[in-house]
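As structure tokens, the structure follows; a few thoughts come after it.
Residue numbers (the working numbering): 1 to 138.
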């Protein structure tokens, strides 16, 4: 039922939601610039494009739940993503991360993995973690 409601989300543009979630998940690990956050969001989109179609569909359902106003408010406890505070987003993420519900924990894990792949798959993140980049093969 909830997944069906999530499918009602009219927008396929997840930018505001991904920016808000990435901003909180990457707090302290990412430069405090619009460009860095945009790069992370772009990396998330690239990561999603590389997943099998069935997984992309599941992510689309998750995003639908988190974007549809009614389910976003009920399940995440936030209003529009562009106006959600870091504290509201952190509380939502913590609730899902520690939930007794496998569905919520799985949703958190998917968001976490996508955000981490989106940022740390980006060359701009590598100096901060001491990664020299992939080896050059001659």
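Glycine included, each C-beta is placed from N, C-alpha and C at the ideal position.
Excluding the 5 residues preceding and the 5 following residue 99 in the sequence, name in chain order all residues of the same chain whose CB lies nearer than 8 angstroms to its CB. 105, 108
Is DSSP giving residue 52 helix, strand or coil here? coil
Just how far apart, CA to CA, sit residue 47 and residue 123? 14 angstroms
Test item: CB-CB of residue 69 and residue 16 under 9 angstroms: no
Verify the CB distance criterion: does residue 77 have a CB-CB separation below 9 angstroms to chain B? Looking for chain B here will not work: only one protein chain is present.
Under 8 angstroms Cβ to Cβ from residue 62, same chain only, skipping five residues before and after it: list those, please. 6, 107, 110, 111
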